[in-house]
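Colleague: All the letters of the sequence shown, read from the start, carry residue numbers 1 to 85 under UniProt numbering. All C-beta atoms in this analysis are idealised placements derived from N, C-alpha and C, irrespective of residue type, glycine included. These figures come from a predicted structure and were not determined experimentally.
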Amino acid sequence: MVAPSLIPRKPGDRVKINHRDAVSLARLLRAGELTAVWVPDERQEAMRDLVRARSAAVETLRVHRQQVSTFISSTAVPIPAGRAG
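1. Among residues of its own chain, excluding the 5 on either side of Leu-6, which ones have a beta-carbon nearer than 6 angstroms to its beta-carbon?
2. Just the C-alpha distance for Arg-9 and Ser-24, rounded to the nearest angstrom, thanks.
3. Just how far apart, CA to CA, sit Ala-3 and Ala-53?
4. I'd like the span of the alpha helix (DSSP H) that includes Arg-9, first residue to last.
5. Straight-line CA distance for Thr-70 to Arg-43?
6. In the DSSP assignment, what residue or residues form a beta bridge with Val-2?
7. By the DSSP assignment, the alpha helix (DSSP H) with Ile-72 in it spans what residues?
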């Protein structure tokens, strides 16, 4: 698969003609001027989604901890001894 943005084009060449595009792509492929792109399968895309969701949850937790800490320090509430987490 080739990304459309990576296909070399002449300036001003915006007319879409299937036959001409096919011939142009065949020439570019034969000349080795096309750059292939990798498309993840469903399993890999699901893993990416999971990693993104975890990163978002970790960031939300960090922000909320910081907000609670700031609130506690601004109200002069003594912090009990124990786990600092």
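Modeller: So, from the listed chains and residues:
1. For the purposes of this step, residue 6 is identified with residue 6 of the sequence shown, where counting begins at 1. Excluding residues within five positions, the ones whose Cβ falls inside 6 angstroms are Thr-35.
2. Within the sequence shown, residue 9 is the residue found at index 9, counting from 1. Within the sequence shown, residue 24 is the residue found at index 24, counting from 1. Approximately 10 angstroms, taken between the alpha carbons.
3. For the purposes of this step, residue 3 is taken as residue 3 along the sequence shown, with counting starting at 1. For the purposes of this step, residue 53 is taken as residue 53 along the sequence shown, with counting starting at 1. Rounded to the nearest angstrom, the two C-alpha atoms are 27 angstroms apart.
4. Your numbering for residue 9 matches position 9 in the sequence shown. Counting along the chain, Arg-9 falls outside any alpha helix (DSSP H), and DSSP gives it neither H nor E.
5. To locate residue 70, count along the sequence shown from 1; it is residue 70. To locate residue 43, count along the sequence shown from 1; it is residue 43. For Thr-70 and Arg-43, the distance between alpha carbons rounds to 41 angstroms.
6. Counting from one through the sequence shown, the residue named residue 2 turns up at place 2. By DSSP's assignment, Val-2 forms a beta bridge with Ala-36.
7. Here residue 72 refers to the residue found at position 72 when the sequence shown is read from its first residue. Note, Ile-72: alpha helix (DSSP H), 42-74.
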